[in-house]
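Sequence order for the protein chains is P and H.
Its first residue numbered 1, the first sequence is counted upward by one per residue in full-length UniProt numbering.
Its first residue numbered 1, the second sequence is counted upward by one per residue in full-length UniProt numbering.
For every residue, glycine included, the Cβ atom is placed at its ideal position computed from N, Cα and C.
Structure record follows, encoded as structure tokens.
There are 2 protein chains.
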Amino acid sequence: MSAQIQRRRQLIDATISEIGHTGSLDVTVGKIAKRAGVSPALAFHYFGDKDRLFLAAMRHILTAYGLDVRAALRGCSGPRERLESIIRGGFSEANFRSDVIAAWLNFYVLAHRSSEAQRLLTVYHGRLHSNLVHNLRPLAGEAADPIARRIAALIDGLYLRYAHFPSDEPEASASAHVMAALDNELKALA
Amino acid sequence: MSAQIQRRRQLIDATISEIGHTGSLDVTVGKIAKRAGVSPALAFHYFGDKDRLFLAAMRHILTAYGLDVRAALRGCSGPRERLESIIRGGFSEANFRSDVIAAWLNFYVLAHRSSEAQRLLTVYHGRLHSNLVHNLRPLAGEAADPIARRIAALIDGLYLRYAHFPSDEPEASASAHVMAALDNELKALA
DNA sequence: GTTTATTGATTGACCAGTCAAACAATGCCT
DNA sequence: AGGCATTGTTTGACTGGTCAATCAATAAAC
Numbered sequence: 001m002s003a004q005i006q007r008r009r010q011l012i013d014a015t016i017s018e019i020g021h022t023g024s025l026d027v028t029v030g031k032i033a034k035r036a037g038v039s040p041a042l043a044f045h046y047f048g049d050k051d052r053l054f055l056a057a058m059r060h061i062l063t064a065y066g067l068d069v070r071a072a073l074r075g076c077s078g079p080r081e082r083l084e085s086i087i088r089g090g091f092s093e094a095n096f097r098s099d100v101i102a103a104w105l106n107f108y109v110l111a112h113r114s115s116e117a118q119r120l121l122t123v124y125h126g127r128l129h130s131n132l133v134h135n136l137r138p139l140a141g142e143a144a145d146p147i148a149r150r151i152a153a154l155i156d157g158l159y160l161r162y163a164h165f166p167s168d169e170p171e172a173s174a175s176a177h178v179m180a181a182l183d184n185e186l187k188a189l190a
Numbered sequence: 001m002s003a004q005i006q007r008r009r010q011l012i013d014a015t016i017s018e019i020g021h022t023g024s025l026d027v028t029v030g031k032i033a034k035r036a037g038v039s040p041a042l043a044f045h046y047f048g049d050k051d052r053l054f055l056a057a058m059r060h061i062l063t064a065y066g067l068d069v070r071a072a073l074r075g076c077s078g079p080r081e082r083l084e085s086i087i088r089g090g091f092s093e094a095n096f097r098s099d100v101i102a103a104w105l106n107f108y109v110l111a112h113r114s115s116e117a118q119r120l121l122t123v124y125h126g127r128l129h130s131n132l133v134h135n136l137r138p139l140a141g142e143a144a145d146p147i148a149r150r151i152a153a154l155i156d157g158l159y160l161r162y163a164h165f166p167s168d169e170p171e172a173s174a175s176a177h178v179m180a181a182l183d184n185e186l187k188a189l190a
């Protein structure tokens with residue numbers, strides 16, 4: 001029973017790591033298994049097929065991200081503080097690792113083919129959007145929705161850039177950019 | 001001699017179209033050739049290998065984009081007008097087709113592996129950035145650089161979202177979002 | 001008749017997924 | 001405690017299919 005979840009976890013980690021290494025979903029189950037130190041057949045035994053292994057890896061990343069944000073939100077009082085937590089969550093250490101970024105990017109590509117991937121992506125977008133809107137409402141009223149869309153897109157865009165030019169936008173700078181944009185949005189309302 | 005460029009063009013179009021159809025770079029030369037109405041061997045004859053065919057397709061998209069923007073800039077007088085042209089260029093009909101978007105997305109993934117792809121991507125980023133900065137300078141002075149980074153990232157982010165939720169952000173709305181962000185940036189300086 | 005364009009046939013590598021068998025642990029009976 | 005069955009874990013060997021790339025041969029053009 002314990003071996004089961006241990007192996008699954010091992011294989012999921014190896015999957016993310018291997019995607020990060022090659023930079024694409026063009027990764028063989030053999031390579032993943034070797035990285036995890038088990039035989040390829042075991043991966044099929046636990047996940048059924050390659051796609052389900054990828055989806056499990058992505059689900060793992062998404063829940064980790066969700067936990068991160070929720071933990072950060074716990075210590076906040078005002079909406080402004082909460083918005084900053086949400087923003088920082090997107091660029092937190094755990095999500096800004098280059099292998100995680102590569103997995104995200106490829107996840108976007110996978111969403112073109114796999115309806116389950118598309119569903120997961122929709123869940124992420126929906127959560128981010130509603131988090132942003134909820135905390136923007138008291139500060140921006142009616143304008144909360146369009147502002148949230150711009151902030152979310154800006155986060156994605158900065159993320160995408162970091163994926164290829166790490167030195168360009170280090171972690172802190174990425175958050176700072178989004179904060180600045182948020183400031184501008186709110187200032188413009190006055 | 002003319003057949004050469006005609007076939008190349010045919011194959012490049014088929015490549016983009018096929019990437020758009022499957023939504024990924026996981027596309028066989030056979031499929032591309034069939035779509036172009038020629039034998040697979042011909043693709044190898046003209047492009048050498050698969051990667052070079054992809055790169056040629058991407059170069060084609062990038063030059064088309066560059067021409068679009070340059071043409072739009074021609075009719076503009078002030079920096080503000082030029083900025084709007086640049087923004088609209090990113091979301092122009094030609095670049096906002098779903099197959100072109102799919103190609104872009106996969107191009108980002110390809111840039112992880114292929115140094116030539118990375119080079120092309122850098123060229124695009126550099127051109128966009130310098131276009132933005134050049135026209136922001138008279139309006140924003142010192143702040144031109146960081147603003148340009150945010151605008152560029154916002155464009156990329158909105159583009160990425162449209163890739164999966166076309167109904168969410170129709171063409172006009174995407175430009176409008178970026179214009180709004182630009183307004184906010186400039187207003188905040190005052 | 002020579003060059004250019006094009007193809008069909010083929011090859012060699014790789015890879016997702018299967019399967020039956022080996023191996024380990026766990027409990028259960030006496 | 002010691003054997004024995006049952007269940008879960010892990011693997012090596014294999015297969016069927018796919019695909020990039022090659023090449024020698026044919027058709028077209030000039």
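Contacting residues, own chain, Cβ-Cβ under 8 Å from residue i (five flanking each side not counted)
i        : result
H/SER39  : ALA33
H/ALA180 : none
H/LEU105 : LEU160 and ALA163
H/SER114 : ASP51 and LEU55
H/VAL100 : ILE16, GLY20, ILE61 and ALA94
Cβ distance (whole Å) where residue i is taken to contact residue j below 8 Å
i                      : j        : result
P/ALA102               : P/GLY20  : 5 Å
H/ARG7                 : H/LEU42  : 7 Å
P/LEU11                : P/LEU73  : So it is not a contact: roughly 31 Å between Cβ atoms.
P/VAL109               : P/LEU160 : About 12 Å separates the two Cβ atoms, so there is no contact after all.
residue 209 of chain H : P/GLY157 : Outside the shown range of chain H (1 to 190) lies residue 209 of chain H, about which nothing can therefore be said.
Same chain, Cβ closer than 6 Å to residue i, five either side skipped, listed in chain order
i                      : result
residue 240 of chain H : Nothing about residue 240 of chain H can be reported from this structure: the residues present for chain H run from 1 to 190 only.
P/PHE107               : MET58
H/LEU121               : ALA111
P/TYR65                : ASN95
H/LYS31                : GLU18
H/ILE147               : LEU136, ALA140 and GLU185
H/SER85                : ALA72, LEU73 and CYS76
H/LEU128               : ALA152
Residue i classed as buried or exposed, judged by whether at least 16 other C-beta atoms fall within 10 angstroms
i                      : result
P/GLY23                : buried
H/GLY78                : exposed
H/GLU185               : buried
H/ILE47                : It is worth fixing the name first, because residue 47 of chain H is Phe in this sequence and not Ile. It counts as buried.
P/LEU67                : exposed
P/ARG150               : buried
H/THR63                : exposed
H/ARG82                : buried
H/SER92                : buried
H/LEU136               : buried
residue 222 of chain H : Because residue 222 of chain H is not part of the residues shown, which for chain H are 1 to 190, the question remains open.
H/VAL27                : buried
P/SER2                 : exposed
H/THR15                : buried
H/ALA172               : exposed
P/HIS112               : buried
residue 246 of chain H : What the structure shows of chain H is the stretch from 1 to 190, and residue 246 of chain H is not part of that stretch, so it cannot be assessed.
H/SER130               : exposed
P/GLY75                : exposed
P/VAL29                : buried
H/VAL69                : buried
H/VAL178               : buried
N- and C-terminal bounds of the alpha helix (DSSP H) containing residue i
i        : result
H/ASP26  : Here H/ASP26 belongs to no alpha helix (DSSP H), and DSSP marks it neither H nor E.
H/ASP183 : 171-189
H/HIS60  : 50-74
H/ASN131 : 115-140
P/ASN106 : 98-110
P/PRO166 : Note, P/PRO166: premise wrong, no alpha helix (DSSP H); not H, not E.
H/SER85  : 79-90
H/ALA41  : 40-47
Close Cβ partners of residue i (< 7 Å) along its chain, the five nearest in sequence each way excluded
i        : result
P/ALA71  : none
H/GLU116 : LEU55
P/ALA143 : LEU189
P/SER175 : ILE87, ARG88 and PHE91
H/ASP145 : VAL133
P/GLN118 : ALA111
P/LEU182 : LEU83 and ILE151
H/LYS80  : This sequence places Arg at residue 80 of chain H; Lys is not what is there. For H/ARG80, where only same-chain residues beyond five positions count, the Cβ hits under 7 Å are LEU139.
P/ARG35  : ALA14, SER17 and GLU18
Distance cut-off 7 Å: residue i Cβ against heavy atoms of the ligand FAD
i       : result
P/VAL27 : In the structure shown, the ligand FAD is absent, as is every other ligand, since no ligand is present at all.
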